[in-house]
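Student: Taken in order, these protein sequences are the chains called A and B. Start counting the first sequence at 58; every next residue gets the next number (the working numbering). Start counting the second sequence at 10; every next residue gets the next number (the working numbering). Have a look at this one before I ask anything.
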Amino acid sequence: QVQLVQSGAEVKKPGASVKVSCKASGYTLTDYFMHWVRQVPGQGLEWMGSINTRSGGTGYAHKFQGRVTMTTDTSISTAYMELNTLKFDDTAVYYCARGWPPLPTLTNHYMDVWGKGTTVTVSS
Amino acid sequence: DIQMTQSPSTLSASVGDRVTITCRASLSIGPWLAWYQQKPGEALNLLIYKASNLQSGVPSRFSGSGSGTEFTLTISSLQPDDFAIYYCQHYSSYSLTFGGGTKVEIE
Chain A
58 QVQLVQSGAE
68 VKKPGASVKV
78 SCKASGYTLT
88 DYFMHWVRQV
98 PGQGLEWMGS
108 INTRSGGTGY
118 AHKFQGRVTM
128 TTDTSISTAY
138 MELNTLKFDD
148 TAVYYCARGW
158 PPLPTLTNHY
168 MDVWGKGTTV
178 TVSS
Chain B
10 DIQMTQSPST
20 LSASVGDRVT
30 ITCRASLSIG
40 PWLAWYQQKP
50 GEALNLLIYK
60 ASNLQSGVPS
70 RFSGSGSGTE
80 FTLTISSLQP
90 DDFAIYYCQH
100 YSSYSLTFGG
110 GTKVEIE
């Protein structure tokens with residue numbers, strides 16, 4: 058079945074970087090956008106950005122521009138989200154989610170399949 | 010940025026109740042709204058897309074309506090499996106914004 062399997066929990070110090078992976082199975086990675094969403098403890102959901110897995114083109118929320126990089130390794134059907142210069146308030150659960158409808162549609166995506174999330178804790 | 014406001018933030022209800030959650034957009038967003046269900050430790054579950062379209066596999070007791078700036082998610086007869094947090098989401102070329110969530114808890 059279609060699923061997204063994310064990497065395990067991370068603990069990082071302020072100023073460090075974290076790279077979260079999201080392995081797609083049950084479908085072809087490059088047929089869909091991949092989105093990244095985070096959830097700070099006790100708060101709601103926040104869209105970080107997305108990647109066109111076919112072209113590699115990315116779009117990031119203003120809040121994260123300059124600090125986030127989204128990439129893919131299509132040979133292993135995996136998407137990545139790297140967040141740099143971590144701060145205490147980056148402590149959150151980070152989710153990957155498949156965008157629907159599939160490519161070549163470039164806009165108006167909702168998310169039809171989600172990973173279970175990766176907990177990133179920023180602590181000194 | 011378009012802001013999405015959900016109400017109520019918490020809702021207490023009993024099994025069998027009809028439940029309605031509202032989501033308001035700060036600007037007209039047409040039909041570009043989705044609803045998701047979140048349970049602890051599980052992946053988020055898409056319920057409704059394009060305001061009123063039921064995602065495949067989602068029970069028919071869930072329904073969505075609205076357009077423009079006001080939208081609703083209705084659960085016609087609340088089941089034990091429905092106690093969860095529900096989020097609306099606006100999606101467009103330039104913005105994907107979530108509402109603050111509505112926790113549906115047992116009364």
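All C-beta atoms, glycine included, are put in the ideal place defined by N, C-alpha and C. As the structure is a computational prediction, the values presented were derived from the model and not from experiment.
Could you round the C-beta distance between B:Leu55 and B:Ala43 to whole angstroms and report it? I think they count as a contact, below 8 Å.
Tutor: Counting from 1 along the second sequence, the entry for residue 55 of chain B is found at position 46. Counting from 1 along the second sequence, the entry for residue 43 of chain B is found at position 34. About 6 Å separates the two Cβ atoms, so the contact holds.
Student: If we cut at 7 Å on Cβ distances, does A:Trp104 have a partner in chain B?
Tutor: For the purposes of this step, residue 104 of chain A is taken as the residue at position 47 of the first sequence. Yes, A:Trp104 counts as interfacial toward chain B.
Student: When we look at the beta-carbon of A:Asp146 and count the other beta-carbons within 10 Å, is it buried (16 or more) or exposed?
Tutor: Residue mapping note: residue 146 of chain A aligns to position 89 of the first sequence, counting from 1. Counting Cβ neighbours within 10 Å, A:Asp146 comes out exposed, since fewer than 16 surround it.
Student: From this set, A:Ser64, A:Tyr152, A:Asn141, A:Ala136, which residue's C-alpha is nearest A:Thr87's C-alpha?
Tutor: Reading the first sequence from its first residue, position 30 is the one you call residue 87 of chain A. The option with the nearest alpha carbon to A:Thr87 is A:Ala136.
Student: Within 10 angstroms of the Cβ of B:Asp90, are there 16 or more other Cβ atoms? Answer buried if so, exposed if not.
Tutor: Indexing the second sequence from 1 puts residue 90 of chain B at position 81. Exposed, by the Cβ-count rule.
Student: Out of curiosity, what's the CA-to-CA distance linking A:Met105 and A:Ser74?
Tutor: In the first sequence, counting from the first residue as 1, residue 105 of chain A sits at position 48. In the first sequence, counting from the first residue as 1, residue 74 of chain A sits at position 17. The alpha-carbon atoms of A:Met105 and A:Ser74 are separated by roughly 16 Å.
Student: If I follow the unbroken beta strand (DSSP E) through A:Gln96, where does it start and stop?
Tutor: On the first sequence, residue 96 of chain A is found 39 positions in, with the first residue counted as 1. Start and end: 90–96.
Student: Find the nearest neighbour of A:His119 within the set A:Arg111, A:Thr129, A:Ser112, A:Ser107, judged by alpha-carbon distance.
Tutor: Taking the first sequence and counting its residues from 1, the one referred to as residue 119 of chain A is at position 62. That would be A:Ser107, whose Cα lies nearest to the Cα of A:His119.
Student: Mapping DSSP to helix, strand and coil, what is A:Lys69?
Tutor: Working through the first sequence from its first residue, we reach residue 69 of chain A at position 12. Residue state, collapsed to three classes: strand.
Student: Is any beta-carbon of chain B found at less than 7 Å from that of A:Tyr167?
Tutor: Position 110 of the first sequence holds residue 167 of chain A. Interface residue, yes.
Student: Relative to the alpha-carbon of B:Val67, which residue among B:Ala34, B:Tyr58, B:Thr78 has its alpha-carbon at the smallest distance?
Tutor: The residue you call residue 67 of chain B lines up with position 58 of the second sequence. Ranking B:Ala34, B:Tyr58, B:Thr78 by Cα distance to B:Val67 puts B:Tyr58 first.
Student: Should A:Thr175 go down as buried or exposed, given a rule of 16 or more other Cβ atoms within 10 Å for buried?
Tutor: Position 118 of the first sequence, counted from the start, is the residue given in the question as residue 175 of chain A. When all chains shown are included, A:Thr175 counts as buried.
Student: Tell me which same chain residues have a C-beta within less than 7 Å of the C-beta of B:Gln64, skipping the five on either side of it?
Tutor: Walking along the second sequence from the start, residue 64 of chain B turns up at place 55. Hits under 7 Å: Leu55, Leu56, Ile57, Tyr58.
Student: On the DSSP letters alone, give me the boundaries of the beta strand (DSSP E) that B:Ala22 sits inside.
Tutor: By 1-based counting over the second sequence, the position of residue 22 of chain B is 13. 19–22 is the span of the beta strand (DSSP E), which, as asked, contains B:Ala22.
Student: Touching or not, the segment 157–166 of chain A and the segment 44–51 of chain B, by the rule of three or more beta carbon pairs under 8 Å?
Tutor: Short answer: they don't touch.
Student: Using three-state DSSP, classify A:Ile133 as helix, strand or coil.
Tutor: Along the first sequence, one-based indexing puts residue 133 of chain A at 76. Correct three-state label for A:Ile133: helix.
Student: Using a Cβ cut-off of 7 Å, pull out every chain A residue sitting near B:Gly109, in sequence order please.
Tutor: Reading the second sequence from its first residue, position 100 is the one you call residue 109 of chain B. The answer, in chain order, is Gly101.
Student: So B:Gly77 and B:Gly39 are in contact, right, with Cβ under 8 Å, and what is the actual spacing, rounded?
Tutor: As a position in the second sequence, residue 77 of chain B is number 68, starting the count at 1. As a position in the second sequence, residue 39 of chain B is number 30, starting the count at 1. Indeed they touch by this definition, with Cβ atoms about 7 Å apart.
Student: Can you tell me the Cα-Cα spacing of A:Thr129 and B:Val24, whole angstroms?
Tutor: The residue you call residue 129 of chain A lines up with position 72 of the first sequence. The residue you call residue 24 of chain B lines up with position 15 of the second sequence. Going from the Cα of A:Thr129 to the Cα of B:Val24 covers about 44 Å.
Student: Could you tell me whether the Cβ of B:Leu20 comes closer than 7 Å to any Cβ of chain A?
Tutor: In the second sequence, residue 20 of chain B corresponds to position 11, counting from 1. By this cut-off, B:Leu20 is not an interface position.
Student: For A:Trp93, would you say it is in contact with chain B, using Cβ-to-Cβ distances shorter than 7 Å as the test?
Tutor: To locate residue 93 of chain A, count along the first sequence from 1; it is residue 36. No, because no Cβ of chain B sits closer than 7 Å to the Cβ of A:Trp93.
Student: Indicate whether the contact test is met: 3 or more Cβ pairs, each with one atom in the segment 59–68 of chain A and one in the segment 121–128 of chain A, closer than 8 Å.
Tutor: Segments in contact, no.
Student: Once DSSP output is grouped into helix, strand and coil, what is the label at B:Phe92?
Tutor: As a first step, residue 92 of chain B is located in the second sequence; it is residue number 83 there, counting from the start. The answer is coil: DSSP assigns B:Phe92 none of H, G, I, E or B.
Student: For the beta strand (DSSP E) containing B:Gly73, list its first residue and its last residue.
Tutor: Within the second sequence, numbered from 1, the residue matching residue 73 of chain B stands at position 64. Per DSSP, B:Gly73 belongs to the beta strand (DSSP E) from 71–76.
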